[in-house]
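A.B. asks:
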Amino acid sequence: MLRMRRKRVCQFCQTNEDHIDFKEERKLVRFLTEQGKIIPRHTSGTCAKHQRQLATAIKRARHLAIIPYVTDFTR
Amino acid sequence: MAIYESVFIVDSLVAPNEIEAILQRLSSIITDHNGTVRKIDKWGKRRLAYEIEKKQYGYYIALEFEVDASTNLPKQLEYEFNFNDKVMRFLTYRYDKNKLRAMAKEQKETEEVTSETSSVKETENKPVAPAESAAEEKTSAEQDSPNEQTEENV
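Protein sequence lines, in the order shown, are assigned to chains Z and C.
Under the working numbering, read the first sequence as residues 1 to 75, first letter to last.
Under the working numbering, read the second sequence as residues 1001 to 1154, first letter to last.
Here you go:
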């Protein structure tokens, strides 16, 4: 069976955002997995232009300890 | 001229006057390079997402400044940050075109809000105007037109 794929739209394009700021922690967290990895474009639906911006924003935020590099699950 | 921003994390246990001293030193370095400090934004004490130098908390400060792109000021600031033991992390970056565009948009919006009533009057009186205000006229005209239509309908 072919599953119907819902077409995903870039969330940044919808809100008409020019710039993704690395200081807005809550916005960035939506594009991270539980482990803290960047969610790929084909999953989140972000357009190429915004994914590039998002990636740099996330990397900057990680460097300044705003969001974690890895969330470790202690066992 | 290019606009840069330095965000840095200072140990949260450092006294406020010491933070001021750091800021003053940085500002003096910027002004030495013929730059101007645009904004100092203290985010305050925040919990770090991960430990840095075995510390859980940090005091965040963002320093926005404008300087000629040909100077090596970012490098100088890097030396300063590395030299200072109280600075745990720092990040200096230049505002890219997207950020600048967003800033221009924001500024325009605030200007429109403040001078909305006056600009409308001006556009009515003066049909010929310089290019910059002409663009504003267009946008304001577009914004006005739906309102007028609704009023007519009512």
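Backbone N, C-alpha and C fix where the C-beta goes; we use that ideal spot for every residue, glycine too.
Remember, it's a predicted structure, so these values are computed and weren't measured experimentally.
#1: Would a C-beta distance cut-off of 7 Å place Z:F12 and Z:A57 closer than the cut-off?
#2: Is the shortest distance between the beta-carbon of Z:D18 and the beta-carbons of chain C less than 7 Å?
#3: Measure the Cβ-Cβ separation of C:K1086 and Z:H19 and say whether it is below 7 Å.
#4: Determine the extent of the beta strand (DSSP E) in which Z:R8 is found, giving its start and end residues.
#5: What are the complete alpha helix (DSSP H) segments, minimum 4 residues, inside the stretch 1071-1125 of chain C?
#6: Check whether the Cβ of C:L1073 lies closer than 7 Å to any Cβ atom in chain Z.
#7: What are the residues that DSSP puts in a beta bridge with C:I1009?
#8: Taking the straight line between their C-alpha atoms, what separation do you get for C:A1049 and C:E1112?
#9: Pick helix, strand or coil for Z:I49, following the three-state DSSP scheme.
#10: Give me the Cα-Cα distance between Z:Q51 and C:F1090, rounded to the nearest whole angstrom.
#11: Assuming C:K1039 contacts C:E1020 under a Cβ cut-off of 8 Å, what Cβ separation, rounded to an integer in Å, is found between them?
#12: Is the CB-CB distance between C:I1003 and C:Y1095 below 7 Å?
#13: Using a Cβ-Cβ cut-off of less than 7 Å, list which residues of the stretch 56-68 of chain Z approach chain C; keep chain order.
#14: What does the alpha-carbon distance come out to for the pair Z:R60 and C:T1114?
#15: Show which residues of chain Z have a CB atom less than 8 Å away from the CB atom of C:L1091.
#16: Below 8 Å on the Cβ atoms is my contact criterion, and I expect C:M1088 with C:K1055 to pass it. Report the Cβ-Cβ distance as a whole number of Å.
#17: Are any of the Cβ atoms in chain Z nearer than 7 Å to that of C:A1102?
#18: Going along the chain, which residues of the stretch 37-54 of chain Z sit with their C-beta nearer than 7 Å to a C-beta in chain C?
C.D. replies: So, to answer that:
#1: In the first sequence, counting from the first residue as 1, residue 12 of chain Z sits at position 12. In the first sequence, counting from the first residue as 1, residue 57 of chain Z sits at position 57. For Z:F12 and Z:A57, no; Cβs fall outside 7 Å.
#2: Position 18 of the first sequence holds residue 18 of chain Z. Chain C contact via Cβ: present.
#3: Residue mapping note: residue 1086 of chain C aligns to position 86 of the second sequence, counting from 1. Residue mapping note: residue 19 of chain Z aligns to position 19 of the first sequence, counting from 1. In this structure, Z:H19 does not lie closer than 7 Å to C:K1086 by Cβ.
#4: The count along the first sequence starts at 1 and reaches residue 8 of chain Z at position 8. Careful: Z:R8 lies outside any beta strand (DSSP E) and carries neither H nor E.
#5: 1073-1083, 1097-1114, 1116-1125
#6: Along the second sequence, read from residue 1 onward, the residue named residue 1073 of chain C stands at position 73. With 7 Å as the cut-off, C:L1073 does not count as an interface residue toward chain Z.
#7: Here residue 1009 of chain C is taken as the residue at index 9 of the second sequence, counted from 1. Bridge partners of C:I1009: C:Y1060, C:R1089.
#8: Here residue 1049 of chain C refers to the residue found at position 49 when the second sequence is read from its first residue. Here residue 1112 of chain C refers to the residue found at position 112 when the second sequence is read from its first residue. So the two alpha carbons sit approximately 39 Å from each other.
#9: The count along the first sequence starts at 1 and reaches residue 49 of chain Z at position 49. Strictly speaking, residue 49 of chain Z in this sequence is Lys, with Ile absent from that position. Of the three classes helix, strand and coil, the one that applies to Z:K49 here is helix, per DSSP.
#10: Position 51 of the first sequence, counting from 1, holds the residue named residue 51 of chain Z. Position 90 of the second sequence, counting from 1, holds the residue named residue 1090 of chain C. Z:Q51 and C:F1090: Cα-Cα distance of roughly 24 Å.
#11: Here residue 1039 of chain C refers to the residue found at position 39 when the second sequence is read from its first residue. Here residue 1020 of chain C refers to the residue found at position 20 when the second sequence is read from its first residue. At roughly 16 Å, the Cβ-Cβ gap does not stay under 8 Å, so C:K1039 and C:E1020 are not in contact.
#12: Sequence index remark: in the second sequence, residue 1003 of chain C carries index 3 (1-based). Sequence index remark: in the second sequence, residue 1095 of chain C carries index 95 (1-based). For C:I1003 and C:Y1095, yes; Cβs fall inside 7 Å.
#13: R60, H63, L64, A65, I66, I67, P68
#14: Position 60 of the first sequence, counting from 1, holds the residue named residue 60 of chain Z. Position 114 of the second sequence, counting from 1, holds the residue named residue 1114 of chain C. Rounded to the nearest angstrom, the two C-alpha atoms are 35 Å apart.
#15: Against the second sequence, residue 1091 of chain C aligns to sequence position 91. Those within 8 Å of C:L1091 in chain Z are R60, H63, L64.
#16: Along the second sequence, read from residue 1 onward, the residue named residue 1088 of chain C stands at position 88. Along the second sequence, read from residue 1 onward, the residue named residue 1055 of chain C stands at position 55. Right, the Cβ-Cβ distance comes to about 7 Å (below 8 Å), so this counts as a contact.
#17: Counted from its first residue, the second sequence places residue 1102 of chain C at position 102. Output row for C:A1102: interface = yes.
#18: Q53
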